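Chemist:
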Ligand SMILES: C[S@@+](CC[C@H](N)C(=O)[O-])C[C@H]1O[C@@H](n2cnc3c(N)ncnc32)[C@H](O)[C@@H]1O
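Residue numbers (this note's numbering): 2 to 385.
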């Protein structure tokens, strides 16, 4: 299972998932379509990268002029500091450079910068990248990389999965624009959800979407274990892994985010919905929220003015002009929306009723319909 793969990758802190060129190009094009000048005059930082191999560096260096960039900076993380080491591949690019240093190559990060036509070819492109070793290992949390973050206008990368929380906090504390890859598990993180609720960050153009029948697919190192079903060898003999629930998080605007969902009224849903649950039960009220349970995004009634609990998979389709996000069903009632808090005794009694043995049914963790917990829900309301 792709999700198991991801959690294994997380647990093992195997963070070496490399992004494909077409995925970067497709995503960046969505921001350009919305605002052709979005990168003009900007300094773009690509941290947690591996500039010699990375498609992020390749894409932005090749498109430096057409995007109108002022400066491109890309940094890599030292091989010796990586959680998944694999075998070390020294590139010809590095070993043939005059600045190559055997004592530094595995323990220092590198910085690549692009600002000028250094080879005097007549244009600024990938051949003009200049590089040196960083003082440290290129950890994004180091003062050295923080200084680069502060210099940048836009930060773009696929950060290590295991450090996603820290990475997003690192961007937000510096109040930077960004486009980064992450998994939908991150949506409910306490560092992330309040920002989504406040429309300070949102999901990118592609999120948890299959293209050509596949989830977002990443290259992995040659010696990476091929666990799970969504693994394959490419035509080039390289290893690839597809990961469900993955996509882009950003605070750059794009057009899809402003396309409202096309929805039926409540009455029509109950008559014509393709979901038998809706036809059979209609829209049920939660026992612990003043809201209705909407188990499918395409069954959100267009004419309901109250609060609705919708699946997390609604978020890639969320249009801030159409709906407002009020909160999430969760234990702490951070958003002050609960109408009932269950006692420990009630949770234990309900567990016994359902399972016939001792235990605690954590009713406060989610929306409850007729005494049963439903899946994780986001609470939304139609905009007037
Ligand atoms: C998911 S991979 C993505 C690599 C590249 N950005 C891409 O998309 O092709 C994340 C990279 O971050 C590196 N990394 C892990 N921990 C890091 C840290 N604390 N600081 C900077 N980079 C780190 C990993 O070694 C890995 O190369």
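The beta carbon of each residue, even a glycine, is placed where N, CA and C say it ideally should be.
Since the model is a prediction, treat every value here as computed from it, not as a measurement.
Express the C-alpha separation of residue 385 and residue 77 in angstroms, rounding to a whole number.
Modeler: 48 Å
Chemist: For the candidate residues 20, 67 and 59, whose alpha-carbon lies nearest to that of residue 40?
Modeler: Residue 40 has its Cα closest to that of 67, out of 20, 67 and 59.
Chemist: Given a cut-off of 7 Å, decide if residue 180 and residue 251 are closer than it, judged by their beta-carbon atoms.
Modeler: yes
Chemist: Verify whether the separation of the beta carbon atoms of residue 289 and residue 339 is less than 7 Å.
Modeler: yes
Chemist: Collect the residues with a C-beta less than 5 Å away from any heavy atom of ligand 1 and give them in sequence order along the chain.
Modeler: 16, 18, 19, 20, 49, 50, 55, 78, 83, 140, 141, 158, 159 and 161
Chemist: Grab the span of the alpha helix (DSSP H) containing residue 272 for me, first residue to last.
Modeler: 267-273
Chemist: Who are residue 243's beta bridge partners in DSSP?
Modeler: Assignment of beta-bridge partners to residue 243 by DSSP yields 218.
Chemist: Helix, strand or coil for residue 105? Go by DSSP, reduced to three states.
Modeler: Under the three-state reduction of DSSP output, residue 105 falls in the coil class, being neither helix nor strand.
Chemist: Determine, using beta carbons only, whether residue 183 and residue 165 come nearer to each other than 7 Å.
Modeler: yes
Chemist: Determine whether the beta carbon atoms of residue 73 and residue 33 lie at a separation below 7 Å.
Modeler: no
Chemist: DSSP beta-bridge partners for residue 373?
Modeler: 370
Chemist: What do you reckon, are the CB atoms on residue 130 and residue 145 nearer than 7 Å?
Modeler: no
Chemist: If you count every other CB in all the chains shown that lies within 10 Å of the CB of residue 345, and 16 or more means buried, which is it?
Modeler: exposed
Chemist: Among the residues of its own chain, which have a CB less than 6 Å from the CB of residue 27, if the five just before and after it don't count?
Modeler: none
Chemist: Looking at the unbroken alpha helix (DSSP H) that takes in residue 31, where does it start and where does it end?
Modeler: 22-35
Chemist: By a C-beta neighbour count over all protein chains shown, 10 Å radius and 16 as the cutoff for buried, is residue 317 buried or exposed?
Modeler: Buried, by the Cβ-count rule.
Chemist: Measure from the alpha carbon of residue 297 to the alpha carbon of each residue in 321, 262 and 245, then state which is nearest.
Modeler: 262
Chemist: Is there contact here, the region 219-231 with the region 183-199, by at least three beta-carbon pairs under 8 Å?
Modeler: no
Chemist: Along the chain, where does the beta strand (DSSP E) containing residue 197 start, and where does it finish?
Modeler: Element bounds for residue 197: not the beta strand (DSSP E) but the alpha helix (DSSP H), 194-198.
Chemist: How about residue 175 and residue 140: do their beta carbons lie closer than 7 Å?
Modeler: no
Chemist: With distance defined between alpha-carbon atoms, name the residue in 70, 204 and 102 nearest to residue 189.
Modeler: 204
Chemist: Give me the DSSP bridge partner(s) of residue 378.
Modeler: 312
Chemist: By a C-beta neighbour count over all protein chains shown, 10 Å radius and 16 as the cutoff for buried, is residue 367 buried or exposed?
Modeler: buried
Chemist: Check this for me: beta carbons of residue 31 and residue 206, under 7 Å apart or not?
Modeler: yes
Chemist: DSSP on residue 257, reduced to helix/strand/coil?
Modeler: DSSP places residue 257 in helix when its eight states are reduced to three.
Chemist: Note down, in chain order, each residue of its chain lying with its Cβ closer than 8 Å to the Cβ of residue 361, except the 5 sequence neighbours on either side.
Modeler: Closer than 8 Å at the Cβ level, and outside the excluded window around residue 361, lie 345, 348, 349 and 352.
Chemist: Using the beta-carbon count (16 or more within 10 Å), is residue 371 buried or exposed?
Modeler: exposed
Chemist: Rounded to whole angstroms, what is the Cα-Cα separation between residue 123 and residue 117?
Modeler: Cα to Cα, the separation comes out at about 10 Å.
Chemist: Relative to the C-alpha of residue 149, which candidate in 45, 98, 369 and 320 has its C-alpha closest?
Modeler: 45
Chemist: If you compare alpha carbons, which of 281, 171, 287 and 172 is closest to residue 374?
Modeler: 287
Chemist: Does residue 342 pass the burial test, meaning 16 or more other C-beta atoms within 10 Å, or should it be called exposed?
Modeler: exposed
Chemist: At the level of alpha carbons, what is the spacing between residue 273 and residue 363?
Modeler: 34 Å
Chemist: Report the partner residues of residue 183 according to the DSSP bridge assignment.
Modeler: 248, per the DSSP bridge assignment.
Chemist: Residues bridged to residue 339 by DSSP?
Modeler: In DSSP, residue 339 forms a bridge with 290.
Chemist: Please state whether DSSP places residue 150 in a helix, a strand or coil.
Modeler: helix
Chemist: Suppose the cutoff is 6 Å on Cβ atoms and the five residues either side in sequence are ignored; what does the same chain contact list for residue 254 look like?
Modeler: 35
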